[in-house]
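Asks: The following block contains the structure, expressed as structure tokens.
2 protein chains.
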Amino acid sequence: MDAPPRWLTPEQQAAWDSFIRMQEKLIGRLSRQVQADSRMSPADYIVLAKLTEAGGRMRLTDLAKLVEWEKSRMSHQVGRMAKRGLVAKEDCPDDGRGAFIVATPAGREAIEEAAPVHVEHVRRLFVDALTPEELDTLARISDRVLAHMEKQHY
Amino acid sequence: MDAPPRWLTPEQQAAWDSFIRMQEKLIGRLSRQVQADSRMSPADYIVLAKLTEAGGRMRLTDLAKLVEWEKSRMSHQVGRMAKRGLVAKEDCPDDGRGAFIVATPAGREAIEEAAPVHVEHVRRLFVDALTPEELDTLARISDRVLAHMEKQHY
DNA sequence: CAGGACTAGTTGACGCGTCAACCACCTCCT
DNA sequence: AGGAGGTGGTTGACGCGTCAACTAGTCCTG
Numbered sequence: 001m002d003a004p005p006r007w008l009t010p011e012q013q014a015a016w017d018s019f020i021r022m023q024e025k026l027i028g029r030l031s032r033q034v035q036a037d038s039r040m041s042p043a044d045y046i047v048l049a050k051l052t053e054a055g056g057r058m059r060l061t062d063l064a065k066l067v068e069w070e071k072s073r074m075s076h077q078v079g080r081m082a083k084r085g086l087v088a089k090e091d092c093p094d095d096g097r098g099a100f101i102v103a104t105p106a107g108r109e110a111i112e113e114a115a116p117v118h119v120e121h122v123r124r125l126f127v128d129a130l131t132p133e134e135l136d137t138l139a140r141i142s143d144r145v146l147a148h149m150e151k152q153h154y
Numbered sequence: 001m002d003a004p005p006r007w008l009t010p011e012q013q014a015a016w017d018s019f020i021r022m023q024e025k026l027i028g029r030l031s032r033q034v035q036a037d038s039r040m041s042p043a044d045y046i047v048l049a050k051l052t053e054a055g056g057r058m059r060l061t062d063l064a065k066l067v068e069w070e071k072s073r074m075s076h077q078v079g080r081m082a083k084r085g086l087v088a089k090e091d092c093p094d095d096g097r098g099a100f101i102v103a104t105p106a107g108r109e110a111i112e113e114a115a116p117v118h119v120e121h122v123r124r125l126f127v128d129a130l131t132p133e134e135l136d137t138l139a140r141i142s143d144r145v146l147a148h149m150e151k152q153h154y
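So the sequence lines, in the order shown, correspond to chains F and H. Numbered according to my numbering, the first sequence spans residues 1 to 154. Numbered according to my numbering, the second sequence spans residues 1 to 154.
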């Protein structure tokens with residue numbers, strides 16, 4: 001151990017910096033603007049979107065798997081959303097532990113109102129910045145990084 | 001108003017999804033692994049890195065500008081770091097409101113220990129996934145998105 | 001059918017980020 | 001000098017994410 005620390009080359013460093021800066025600014029702006037325009041956080045948005053897309057009624061764990069979140073995170077999120085009336089929890093008759101998460105009418109309304117706003121922001125901040133080729137290239141690169149990470153168990 | 005919601009094309013949607021998934025997984029893993037290996041959060045890391053890089057003593061606002069954070073965020077962060085002994089606050093003689101943020105010896109030690117760990121994770125999760133050309137392409141794309149966002153005031 | 005292993009979901013503590021309100025001090029203008 | 005307005009920094013409330021510990025119900029196996 002105590003191997004020589006292998007620093008990044010200037011090009012690698014610069015690429016990492018650019019990526020991080022971009023990603024932070026992009027996500028930050030998108031979050032704030034969606035929140036400001038629709039009274040929904042990005043977390044609310046994705047949960048409600050996936051939930052309604054799947055019929056509006058799902059077990060918590062399934063929902064968590066669908067959006068690739070830990071169940072604890074989903075539980076907290078659903079708790080907050082329930083408090084705001086976007087979803088409701090129902091007991092599961094088949095499994096005494098289980099909980100169904102159900103999109104309320106208010107929740108359905110909220111997502112339908114938020115979706116176009118969300119798309120518009122994504123377009124304006126991100127899609128419009130790039131040519132179709134660049135967009136495609138970025139997708140391929142993203143998939144490569146994803147695949148590379150998925151090979152690592154930890 | 002009530003313009004037709006212009007949805008994304010399937011390619012655009014797919015590109016956005018890939019990017020989002022990648023970015024979330026990457027940042028998530030990096031945060032957790034850096035935190036686990038070095039007892040420092042990414043926020044601690046960047047603040048301490050920039051601070052020591054600049055001599056280890058800086059006004060809060062300048063530090064905030066350096067890392068492109070709001071002063072409130074920096075104030076909270078510095079408060080937490082001070083509680084853990086990584087930095088200290090000193091009054092500024094020239095300006096009664098001012099505060100100097102100073103890296104403590106413990107802080108310097110922490111960053112020196114964390115830096116190689118951090119680099120190693122960045123390399124393993126990200127740099128190693130891509131060829132130098134891809135890395136370069138990604139950097140260019142990131143810069144384009146950044147530049148595009150910077151043209152928008154809001 | 002008893003017990004252990006496993007799974008569903010919750011909870012609490014903590015760090016982090018944002019927003020808005022808020023002092024305290026400084027500057028500048030008259 | 002005095003007051004308006006700007007700046008440096010803090011604070012508190014809230015939403016979010018993680019981790020670890022926990023409850024309670026289910027399943028499996030002897």
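Ideal Cβ positions, reconstructed from N, Cα and C, are used throughout, including at glycine. Every value quoted in this text rests on a predicted model; they were computed, and no experiment measured them.
With distances taken from CA atoms, which of F:Q152, F:Q33, F:L66, F:D136 is nearest F:A49?
Replies: One-based indexing of the first sequence puts residue 49 of chain F at position 49. The candidate whose alpha carbon is nearest that of F:A49 is F:L66.
Asks: Got a sec: which bits of the region 12-23 of chain H sit with their beta carbon under 7 angstroms from any beta carbon on chain F, in order along the chain?
Replies: Cβ contacts with chain F come from Q12, A14, A15, W16, S18, F19, R21, M22, Q23.
Asks: Go ahead and pull the three-state DSSP assignment for H:M58.
Replies: To locate residue 58 of chain H, count along the second sequence from 1; it is residue 58. Looking at H:M58 - three-state DSSP - the assignment turns out to be strand.
Asks: Within 8 angstroms (strictly less), CB to CB, does F:D37 reach chain H?
Replies: Position 37 of the first sequence holds residue 37 of chain F. Not an interface residue.
Asks: For the region 140-150 of chain F against the region 101-119 of chain F, are there 3 or more C-beta pairs whose distance is under 8 angstroms?
Replies: Contact fails: fewer than three Cβ-Cβ distances are below 8 angstroms.
Asks: Rounded to the nearest angstrom, how far is the Cβ of F:L8 from that of F:W16, given a contact under 8 angstroms?
Replies: Indexing the first sequence from 1 puts residue 8 of chain F at position 8. Indexing the first sequence from 1 puts residue 16 of chain F at position 16. Sure, about 7 angstroms apart at Cβ, within 8 angstroms.
Asks: Kindly list the residues whose CB is nearer than 6 angstroms to the CB of H:S38, restricted to its own chain and excluding five residues on each side of it in sequence; keep chain order.
Replies: Residue mapping note: residue 38 of chain H aligns to position 38 of the second sequence, counting from 1. Around H:S38: A114, V117.
Asks: Between the Cα of F:R84 and the Cα atoms of F:Q33, F:D94, F:P105, which residue gives the shortest distance?
Replies: Here residue 84 of chain F refers to the residue found at position 84 of the first sequence. Measuring from the Cα of F:R84, the nearest candidate turns out to be F:P105.
Asks: Any beta-carbon of chain H closer than 8 angstroms to the one on F:S75?
Replies: In the first sequence, counting from the first residue as 1, residue 75 of chain F sits at position 75. Not an interface residue.
Asks: Using a 10 Å radius around the Cβ and a threshold of 16 neighbouring Cβ atoms, would you call H:Q152 buried or exposed?
Replies: For this step, residue 152 of chain H is matched to residue 152 along the second sequence. Exposed, because fewer than 16 other Cβ atoms sit within 10 Å of the Cβ of H:Q152.
Asks: In the region 137-148 of chain H, which residues sit with their C-beta less than 7 angstroms from some C-beta in chain F, listed in chain order?
Replies: Flagged, chain order: T137, L138, A139, I141, S142, D143, R144, V145, L146, H148.
Asks: Can you list the beta strand (DSSP E) stretches of 3 or more residues lying completely in the region 118-143 of chain F, in chain order?
Replies: Within the region 118-143 of chain F, no complete beta strand (DSSP E) run reaches 3 residues.
Asks: What ranges does the beta strand (DSSP E) occupy inside the region 33-104 of chain F, keeping only unbroken runs of at least 3 residues that lie completely in it?
Replies: The qualifying runs are 57-59, 87-91, 99-103.
Asks: Among residues of its own chain, excluding the 5 on either side of H:V122, which ones have a beta-carbon nearer than 8 angstroms to its beta-carbon?
Replies: Along the second sequence, one-based indexing puts residue 122 of chain H at 122. Excluding residues within five positions, the ones whose Cβ falls inside 8 angstroms are L30.
Asks: Looking at the C-beta of H:R108, does it have a partner C-beta in chain F at a distance below 8 angstroms?
Replies: Numbered from 1 along the second sequence, position 108 holds the residue referred to as residue 108 of chain H. So no, H:R108 is outside the interface.
Asks: Quick check: the Cα distance between F:A54 and F:Q77, rounded to an integer number of angstroms?
Replies: Taking the first sequence and counting its residues from 1, the one referred to as residue 54 of chain F is at position 54. Taking the first sequence and counting its residues from 1, the one referred to as residue 77 of chain F is at position 77. F:A54 and F:Q77: Cα-Cα distance of roughly 18 angstroms.
Asks: Give the straight-line distance between the Cα atoms of F:A64 and H:F100, rounded to the nearest whole angstrom.
Replies: In the first sequence, residue 64 of chain F corresponds to position 64, counting from 1. In the second sequence, residue 100 of chain H corresponds to position 100, counting from 1. Each residue's alpha carbon lies about 44 angstroms from the other.
Asks: Distance check for F:V145 and H:K71, CA to CA, integer angstroms please.
Replies: Taking the first residue of the second sequence as position 1, residue 71 of chain H is located at position 71. Taking the first residue of the first sequence as position 1, residue 145 of chain F is located at position 145. Between H:K71 and F:V145, the C-alpha separation is close to 33 angstroms.
Asks: Cβ atoms of F:V119 and F:A103: under 8 angstroms apart, would you say?
Replies: Counting from 1 along the first sequence, the entry for residue 103 of chain F is found at position 103. Counting from 1 along the first sequence, the entry for residue 119 of chain F is found at position 119. It is not a contact, given that the beta carbons lie outside the stated cut-off.
Asks: Show which residues of chain H have a CB atom less than 8 angstroms away from the CB atom of F:E134.
Replies: Numbered from 1 along the first sequence, position 134 holds the residue referred to as residue 134 of chain F. The contacting residues are I141, R144.
Asks: State yes or no: is the beta carbon of F:T127 nearer than 8 angstroms to at least one beta carbon in chain H?
Replies: Locating residue 127 of chain F in the first sequence gives position 127, where the first residue counts as 1. With the sequence shown as reference, residue 127 of chain F is identified as Val, and Thr is not the correct amino acid for it. Interface residue, yes.
Asks: Is any beta-carbon of chain F found at less than 8 angstroms from that of H:P10?
Replies: Working through the second sequence from its first residue, we reach residue 10 of chain H at position 10. Chain F contact via Cβ: absent.
Asks: Does DSSP put H:W16 in a helix, in a strand, or in coil?
Replies: What you label residue 16 of chain H is simply residue 16 of the second sequence in a count that begins at 1. Residue state, collapsed to three classes: helix.
Asks: Between the alpha carbons of H:C92 and H:E68, how many angstroms are there, rounded?
Replies: One-based indexing of the second sequence puts residue 92 of chain H at position 92. One-based indexing of the second sequence puts residue 68 of chain H at position 68. Taking the straight line from one Cα to the other gives about 22 angstroms.
Asks: Using the C-alpha atoms, what's the distance from H:E90 back to H:R97?
Replies: Here residue 97 of chain H refers to the residue found at position 97 of the second sequence. Here residue 90 of chain H refers to the residue found at position 90 of the second sequence. Roughly 11 angstroms separates the two Cα atoms.
Asks: F:L26 touches chain H at which residues, Cβ-Cβ below 8 angstroms?
Replies: To locate residue 26 of chain F, count along the first sequence from 1; it is residue 26. Here the neighbours are V145, M149.
Asks: Is F:Q33 near F:S41, with beta carbons less than 8 angstroms apart?
Replies: Here the question's residue 33 of chain F lines up with position 33 in the first sequence. Here the question's residue 41 of chain F lines up with position 41 in the first sequence. No. Outside cutoff.
Asks: With a threshold of 8 angstroms between beta carbons, is H:L130 in contact with chain F?
Replies: Counted from its first residue, the second sequence places residue 130 of chain H at position 130. By this cut-off, H:L130 is an interface position.
Asks: When DSSP labels each residue in this structure, what does F:P116 get in the three-state scheme?
Replies: What you label residue 116 of chain F is simply residue 116 of the first sequence in a count that begins at 1. Note: F:P116 maps to helix in three-state DSSP.
Asks: Do H:Q23 and F:V127 have their C-beta atoms closer together than 8 angstroms?
Replies: The residue you call residue 23 of chain H lines up with position 23 of the second sequence. The residue you call residue 127 of chain F lines up with position 127 of the first sequence. No; because the gap between Cβ atoms is not below 8 angstroms, this pair is not in contact.
Asks: Would you mind stating whether F:M74 and F:L60 have Cβ atoms separated by less than 8 angstroms?
Replies: Counting from 1 along the first sequence, the entry for residue 74 of chain F is found at position 74. Counting from 1 along the first sequence, the entry for residue 60 of chain F is found at position 60. Yes, they are a contact pair.
Asks: Should F:V67 be flagged as near chain H, meaning a C-beta pair shorter than 8 angstroms?
Replies: Residue mapping note: residue 67 of chain F aligns to position 67 of the first sequence, counting from 1. It does not; no Cβ of chain H falls within 8 angstroms.
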